[in-house]
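Oh and the sequence shown: position 155 is 147 in our numbering, straight run, nothing missing.
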Amino acid sequence: MRNILFDLYGTLADIRTDEASPSFWERLRERGAAFTREEYLARCREEEKCLPNGGEIDLLRVFSALTGYSGEKLSEFARFFREASLLRLKLFPYAIELLTALHAAGAHLYLFSNAQACFTREELRILGLQHRFDGILLSSEAGVKKPSAAFFEYGFRQFGLTAGECIYVGNDLADDVGGAHGVGMRCLYLQTEQSGNYPDPPAPDFRAQDLKDALKILTALL
């Protein structure tokens, strides 16, 4: 096993956003946004109606429909939307040390994450992670999301991987553990503040207390 696939938010990075507060929407209005939160959510629902089961919308399409923007102006608006809603974004302790040590040990590292590329590509740069992976798969670019098997299979095809040669590392029992098991892949689970609670969750193959503990487990599997 030489291929290690990581989730991002809640696993390697701690993030908090607020898209519901009046102050956030006031900042958008000051920026020139002429749509309300209700209109934004309604447009998201409309986009989701057009998707197959397990599909993922691309928020750039939502922002384009609501603002009429395109090109760089659209990308700038998306970045502002995210920055205005962001309360916290930082790596969990030992994240860089974990990735550095695994790479030095000969592992191939990939990021498979439910995420909007218009937000996350920039946040990977901010976090210093943009060059840490052999491949990056984001759900908005794939058009499908975890726990759908189609998401993982899309990434396997893109990067020439097979499930039996990979292990997934994530913090969500349904999306990460359940999703990985759905394609025949093992999963190492980390419980963090962003982990969901489920009545009958799948059992992970491995559990780590934190990223330092995860390194010990993953190193032993290489």
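Virtual Cβ for every residue (Gly too), placed ideally from N, Cα, C.
| Asked | Found |
| --- | --- |
| Report all residues from its chain with a CB closer than 6 Å to the CB of L153; omit the five preceding and five following residues, and keep chain order. | N(-5) |
| For the candidate residues F69, A166, S13 and S77, whose alpha-carbon lies nearest to that of D192? | A166 |
| Less than 6 Å between C-beta atoms, sequence neighbours within five positions excluded: which residues of the same chain meet that for K137? | E48, N106, S131 and F143 |
| Just to confirm my understanding: we take E133, look at its own chain, exclude 5 residues before and 5 after, and list those with CB closer than 8 Å. What are they? | D50 and A109 |
| Report the residue from G188, Y32 and R74 whose alpha carbon sits nearest the alpha carbon of E115. | R74 |
| Count the other C-beta atoms from every protein chain shown that fall within 10 angstroms of the C-beta of I128, then say buried if there are 16 or more, exposed otherwise. | buried |
| Using a threshold of 8 Å, state whether the C-beta atoms of L119 and A76 are closer than that. | no |
| Quick one: what's got a C-beta closer than 8 Å to T232's C-beta in the same chain, skipping five residues either side? | No answer is possible for residue 232: the residues shown for the chain start at -7 and end at 214. |
| Do L203 and A87 have their beta-carbon atoms positioned less than 8 Å apart in this structure? | yes |
| For A93, does the three-state DSSP call read helix, strand or coil? | helix |
| Determine the DSSP secondary structure at R199, reduced to helix, strand or coil. | strand |
| Do you know offhand how far D10's Cα is from W17's? | 10 Å |
| If you count every other CB in all the chains shown that lies within 10 Å of the CB of H123, and 16 or more means buried, which is it? | exposed |
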